[in-house]
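Residue numbers (this note's numbering), protein chains in the order written: chain A, 6 to 347; chain B, 421 to 691.
We put the beta carbon where it would ideally sit given N, CA and C, even for glycine.
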């Protein structure tokens, strides 16, 4: 018998479509985008996506697409782990579940039993929910900050479905709405024709090349992310720089020091909205779920401390991260624009 | 990888037995040769479910097993061709309405189609069914998917009729399967991929050794679980837990001594 190696089907070889989702434009757009895909009709995405005995990491070899109709709630209050960036009306929504990338420290692999990607095609329902929340937000004098890329990297998907563009266009019609787009993508050029808007913050996660290679599988290299940031800043968009999580390993200080030198040298501080810095942290339940699947990543076999049911690195390591970033960034950006999540 | 074939009928099994030189093991009722085995489930959902219990009791190493259900099926006259083999991507249980979805991760050269599992054979009306019809697949999926992840469940069906046959004995199932045996062989070659097996850190020998250590030291349940977890960390980071043996040489005489000893082990494994 022959031992097979690269025999996995390409990503999106199959598109699973909820019966109810067939009538939506986004469904048609998506199916047209992948004319060779096998279409399988399903009744309810949850019975497929949430089923037991799936293997997240094996499925990452051949990710399938699921097109579904989102049921309420369409908008969620921000959690303690998700940085609110100082916005008191801080919410997130989930236009897409799961990610094209496969960062080994990501909570999604503990949150979902499947690596397949769910796209919710009823964008209008999500927009209506945001409008409603805008009108009854807790702090009426403050804007509402909506993170649209919490359970995915939405911009990485932009060449497949222009969902980030839709949300930017939507935000531009609402005076009190701000949108944060978290990403590691280098696909900013797919949005570069849009006029810059102060309602939008693009949050780019940056890591040393070693972390990109070892921990952030399938993500664009550091240089391409920096180029995307440079383009966004040049066009006049606001950019948040995220160093989150800072991964601790032998010589991490040298690598992150070099990274910060490079950022200071190559990214114009003008239009840097703020900087967030964090360390590895994951809810204990998600962490245990990931660990039970015996991932190849070493991140789940390190010694962590547990604080309020969160697995994180030891206090002395958190202090070292804080010291390094404070010292390095002191002359680059004012201290009140640096947020530490640790 | 290990391959476990399921067929409903002996005549469906014969070409597979012949192709892979399988020999009957009287103890398990499986036909086996090296990493390939075959089990005959019988016809119909009920019989299949009962027979599958015996195979589940065999405590097969499911971690590296790929299940392949091969059988004949009725086909939609407009969409299928008699003698053709299809890869099933959706199974509908007609009785319950439940839908079962295999997880096709591996490239293959077969056409994909939906399969409906029915209670009684269909011989007069194919228009109600979209794709193929059989009598076992949903029962197999339902029973086995707790043991084998969906991406290692493969259903291959060969069209024997257009749901218009009254005399089932007139179908030459053996020849139909025989005609497709090389396609079946191709599929198992594609699935012979180590990336599909369950990932493990500690092997069975190591787990048994840790169990022995726990008993010898009379570790508490929490300590035993910690020992496994820390050993996984240690092996992942250092490649081997062989050095642990030294710490379990001397049997502790009291709880205090045990706890002290376990503390030393914990420190060793945390380095």
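Within-9 angstroms CB hit, residue i to chain B
i                      : result
residue 268 of chain A : no
residue 56 of chain A  : yes
residue 21 of chain A  : yes
residue 13 of chain A  : yes
residue 27 of chain A  : no
residue 53 of chain A  : yes
residue 189 of chain A : no
residue 67 of chain A  : yes
residue 271 of chain A : no
residue 18 of chain A  : yes
Rounded distance between the beta-carbons of residue j and residue i, thought under 8 angstroms
i                      : j                      : result
residue 593 of chain B : residue 492 of chain B : 5 angstroms
residue 101 of chain A : residue 168 of chain A : 7 angstroms
residue 276 of chain A : residue 238 of chain A : 5 angstroms
residue 509 of chain B : residue 306 of chain A : Not quite, the Cβ-Cβ distance comes to about 36 angstroms (not below 8 angstroms), so this is no contact.
residue 503 of chain B : residue 591 of chain B : About 11 angstroms separates the two Cβ atoms, so there is no contact after all.
residue 251 of chain A : residue 284 of chain A : 5 angstroms
residue 265 of chain A : residue 334 of chain A : 7 angstroms
residue 206 of chain A : residue 278 of chain A : 5 angstroms
residue 150 of chain A : residue 79 of chain A  : That belief does not hold up - the Cβ atoms of residue 150 of chain A and residue 79 of chain A are roughly 16 angstroms apart, past 8 angstroms.
Interface flag, residue i vs chain A, CB-CB below 9 angstroms
i                      : result
residue 435 of chain B : no
residue 496 of chain B : no
residue 656 of chain B : yes
residue 532 of chain B : yes
residue 523 of chain B : yes
residue 457 of chain B : no
residue 479 of chain B : no
residue 529 of chain B : no
residue 565 of chain B : yes
residue 504 of chain B : no
residue 541 of chain B : no
residue 707 of chain B : Limits of chain B in this structure are 421 at one end and 691 at the other, which puts residue 707 of chain B out of reach.
residue 673 of chain B : no
residue 577 of chain B : no
residue 690 of chain B : yes
residue 509 of chain B : yes
residue 526 of chain B : yes
residue 560 of chain B : no
residue 568 of chain B : yes
residue 476 of chain B : no
residue 519 of chain B : yes
Proximal chain D residues relative to residue i, where beta-carbon distance stays under 9 angstroms
i                      : result
residue 619 of chain B : Protein chains A and B are contained in the structure displayed, whereas chain D is not.
Residue i: CB within 8 angstroms of a non-hydrogen atom of the ligand COA
i                     : result
residue 42 of chain A : With respect to small molecules bound, the structure shown includes none, and the ligand COA cannot be examined in it.
(request) Please go through the region 78 to 143 of chain A and give each complete alpha helix (DSSP H) segment of 4 or more residues, from N-terminal end onward. (result) 113 to 116, 128 to 140
(request) Return the chain-ordered ranges of every alpha helix (DSSP H) run that is complete within the region 570 to 639 of chain B and spans a minimum of 4 residues. (result) 593 to 599, 601 to 611, 624 to 637
(request) Could you pull out every unbroken alpha helix (DSSP H) segment of at least 4 residues lying fully inside the region 445 to 476 of chain B, listed in chain order? (result) none
(message) Below 8 angstroms, how does it come out for the region 551 to 563 of chain B and the region 622 to 637 of chain B: are there three or more Cβ pairs, yes or no?
(response) no
(message) Could you tell me which whole beta strand (DSSP E) segments of length 3 or greater appear in the region 525 to 556 of chain B?
(response) 531 to 537, 552 to 554
(request) Would you list, in chain order, the members of the region 33 to 47 of chain A that have their beta-carbon closer than 7 angstroms to a beta-carbon of chain B? (result) 43, 45, 47
(message) Can you confirm whether the region 302 to 316 of chain A touches the region 225 to 244 of chain A when touching is taken to mean that 3 or more C-beta pairs between the two stretches lie within less than 8 angstroms?
(response) no
(request) Please go through the region 21 to 62 of chain A and give each complete alpha helix (DSSP H) segment of 4 or more residues, from N-terminal end onward. (result) 30 to 38, 50 to 54
(request) With 7 angstroms as the limit, tell me which residues of the region 217 to 231 of chain A have their beta carbon closer than that to any beta carbon of chain B; keep them in chain order. (result) none
(request) Residues of the region 302 to 334 of chain A with a CB closer than 9 angstroms to any CB of chain B: list them in chain order, please. (result) 303, 305, 306, 307, 308
(request) Quick one: which residues of the region 642 to 671 of chain B get their C-beta closer than 7 angstroms to a C-beta of chain A? List them in chain order. (result) 652, 653, 656, 657
(request) Scan the region 227 to 314 of chain A and note each continuous beta strand (DSSP E) run of 3 residues or more that stays entirely inside, going in chain order. (result) 243 to 251, 277 to 284, 286 to 288, 310 to 312
(request) With 8 angstroms as the C-beta to C-beta threshold (strictly closer), list the residues of the region 609 to 640 of chain B near chain A in chain order. (result) 609, 610, 611, 612, 613, 614, 615, 616, 618, 619, 620, 621
(message) At a CB distance below 7 angstroms, what residues from the region 435 to 455 of chain B approach chain A? Give them in sequence order.
(response) none
(message) Runs of 4 residues minimum, wholly inside the region 637 to 662 of chain B: which ones carry the alpha helix (DSSP H) assignment?
(response) 641 to 658
(request) Output, in sequence order along the chain, the residues in the region 149 to 174 of chain A whose CB is closer than 9 angstroms to any CB in chain B. (result) none
(message) Give the list of continuous beta strand (DSSP E) stretches no shorter than 3 residues that lie fully inside the region 190 to 221 of chain A.
(response) 205 to 210
(request) Mind listing, in chain order, the continuous alpha helix (DSSP H) runs of no fewer than 4 residues lying wholly within the region 144 to 198 of chain A? (result) 168 to 176
(message) Closer than 8 angstroms is the cut-off here; do at least three beta carbon pairs connect the region 219 to 232 of chain A with the region 183 to 195 of chain A?
(response) yes
(request) Examine the Cβ distances between the region 159 to 168 of chain A and the region 101 to 114 of chain A and report whether three or more of them are shorter than 8 angstroms. (result) yes
(request) Please determine if the region 169 to 176 of chain A and the region 216 to 223 of chain A are in contact, where contact requires at least 3 C-beta pairs separated by less than 8 angstroms. (result) no
(message) With three or more C-beta pairs closer than 8 angstroms as the rule, is the region 260 to 271 of chain A touching the region 318 to 325 of chain A?
(response) no
(message) With three or more C-beta pairs closer than 8 angstroms as the rule, is the region 505 to 525 of chain B touching the region 54 to 71 of chain A?
(response) yes
(message) Using a Cβ distance threshold of 8 angstroms, determine whether the region 422 to 433 of chain B contacts the region 458 to 475 of chain B, with at least three qualifying pairs required.
(response) yes
(request) Report yes or no: do the region 630 to 650 of chain B and the region 437 to 450 of chain B share at least 3 C-beta pairs separated by less than 8 angstroms? (result) no
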